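Asker:
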Amino acid sequence: MQKYEGTRTFMDTVTKEKDIGVLFDSHLSFNEHIQTQVNKANKIVGLIRRTFKFLDMHTFKLLFKALVRPILEYSSCIWNPYKKKDIETIENVQRRATKMLPGLNQLAYHDRLQLLQMPTLRFRRLRGDLIEMYKIMAGIYDNRVTQDLFQINNRHQTRGHSLKIVKQSCRLDVRKNYFTQRIVTNWNNLPENVINATSVNNFKNRLDRFLEHHPMKYNKDMDYTIT
Numbered sequence: 000m001q002k003y004e005g006t007r008t009f010m011d012t013v014t015k016e017k018d019i020g021v022l023f024d025s026h027l028s029f030n031e032h033i034q035t036q037v038n039k040a041n042k043i044v045g046l047i048r049r050t051f052k053f054l055d056m057h058t059f060k061l062l063f064k065a066l067v068r069p070i071l072e073y074s075s076c077i078w079n080p081y082k083k084k085d086i087e088t089i090e091n092v093q094r095r096a097t098k099m100l101p102g103l104n105q106l107a108y109h110d111r112l113q114l115l116q117m118p119t120l121r122f123r124r125l126r127g128d129l130i131e132m133y134k135i136m137a138g139i140y141d142n143r144v145t146q147d148l149f150q151i152n153n154r155h156q157t158r159g160h161s162l163k164i165v166k167q168s169c170r171l172d173v174r175k176n177y178f179t180q181r182i183v184t185n186w187n188n189l190p191e192n193v194i195n196a197t198s199v200n201n202f203k204n205r206l207d208r209f210l211e212h213h214p215m216k217y218n219k220d221m222d223y224t225i226t
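Under numbering that gives the first Met the number 0, the residues of the sequence shown are numbered 0 to 226, in order.
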C-alpha cells in the first residue's frame, strides 16, 4: 500500500472498496463481491437443508425466495455479471438448492424450474434491470442524479414505444455491459402498454405478463434479448 503525502493529507491507494453493501474492485469485475454473496447464500441453503428434514415445493419456494434470493439479488443492477463463469457461479446456488426436493433431483435444471415456476436467477436480474429503468424514466428517483444517464431518441419512430433511448457506442466489454448500456435494447423492445404503466407495481405486473411465456425465463443459456 502506497501513501502520498501532501501538506496535511495522507491518501491510501486501495484495490477494493465496499459501498452500499457492494464490493467494488479496481477493474469493476465484482468477482470478489459475487463470490462473497454466493458463499452467504450457500450457507443459508445449508441451514435450510439441516433444519428441515422434509421439504415440499411450497415450503421450499417460500424459504428460498425469502432467505436466499435477496442475498443474490441485492443491488444486482450494479454488479450484474456478463461473463459465463460468474453467471454459472450464481446460478449454481439455485441449481443445487432445487435438487433438495424429493423427486426432482433427477430432472434437468430447466425442468425443475418450470415445475416450481421459479425463473432463473439470470432472468430475475434482467427483470430487476427493467424495473430500475422504469423507476428512472418515470422520475421516481431524484432527477438531479438520473437526468444525464439516458438520452431519449427523438427521431420519428414507426415502430415501438415513445420512450426509446439512444444506445451509445463503446469499445470495452466492461462498458458495454454497464447498466446504462446493457438495458437499452431490452427497454426499447418492450411494448407500449408495459412502458405506460402507472406505477412500479403496475409495471411489474405488466412486465411479468409480457414475459410469462418467454423461453428464456427458465433457460439460462439463451440469448437474453427481448424480441
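Here a beta-carbon is modelled for each residue, glycine too, at the ideal position from N, C-alpha and C. On a predicted model such as this, the values are computed, not experimentally measured, just so you know.
Based on the DSSP output, what are the partners of E16 in its beta bridges?
Answerer: DSSP lists F23 as partners of E16.
Asker: Please identify the residue among Y133, C76, K17 whose C-alpha is closest to the C-alpha of N204.
Answerer: Nearest of Y133, C76, K17 to N204, Cα basis: Y133.
Asker: Compare the beta carbon distance of L148 and T179 with 8 Å and say whether it is the shorter of the two.
Answerer: Contact flag set, yes.
Asker: Rounded to whole angstroms, what's the CA-CA distance from S74 to L22? Just pull it up for me.
Answerer: Taking the straight line from one Cα to the other gives about 11 Å.
Asker: Hey, would you say D128 sits closer than 8 Å to C169, going by beta carbons?
Answerer: Not in contact: D128 and C169 (Cβ atoms no closer than 8 Å).
Asker: Could you give the distance in angstroms between the alpha-carbon of L189 and the alpha-carbon of Y177?
Answerer: Cα-Cα distance, rounded: 19 Å.
Asker: Pair every Cβ in the segment 195-215 with every Cβ in the segment 86-94, then say whether three or more of these pairs are closer than 8 Å.
Answerer: Taking 8 Å as the limit for Cβ pairs, the verdict is that the segment 86-94 does not touch the segment 195-215.
Asker: As an exercise, report each continuous alpha helix (DSSP H) stretch of at least 4 residues that is fully enclosed by the segment 40-74, in chain order.
Answerer: List check, alpha helix (DSSP H) in window: 56-62, 68-72.
Asker: To the nearest angstrom, how far is the alpha carbon of E72 from that of T6?
Answerer: Each residue's alpha carbon lies about 44 Å from the other.
Asker: Would you tell me roughly how many angstroms separate the C-alpha atoms of N272 and N104, rounded to the nearest one?
Answerer: Nothing about residue 272 can be reported from this structure: the residues present for the chain run from 0 to 226 only.
Asker: For R174, I'd like the list of residues in its chain whose CB is within less than 8 Å of its CB, leaving aside the five on either flank, ordered along the chain.
Answerer: Cβ within range, chain order: Q180.
Asker: Determine the direct distance from the alpha carbon of V193 to that of T8, and round the result to whole angstroms.
Answerer: One C-alpha to the other measures close to 52 Å.
Asker: Identify which residue in R68, K60, D18, T58 has its Cα closest to the Cα of T42.
Answerer: For the record, residue 42 in the displayed sequence is Lys; it is not Thr. Of the candidates R68, K60, D18, T58, the one whose C-alpha sits nearest the C-alpha of K42 is R68.
Asker: Taking the C-alpha atoms as reference points, what is the distance between M99 and L54?
Answerer: Computed Cα separation, rounded: 8 Å.
Asker: Return the Cβ separation of L115 and M56 in integer angstroms, given the expectation that the two are a contact with Cβ distance under 8 Å.
Answerer: Indeed they touch by this definition, with Cβ atoms about 6 Å apart.
Asker: Taking M132 as part of the beta strand (DSSP E), name the residues at either end of that continuous run.
Answerer: From DSSP, M132 is part of no beta strand (DSSP E) but of the alpha helix (DSSP H) over 120-136.
Asker: Per DSSP, I164 is paired with what?
Answerer: Note: I164 sits in a beta bridge opposite I151.
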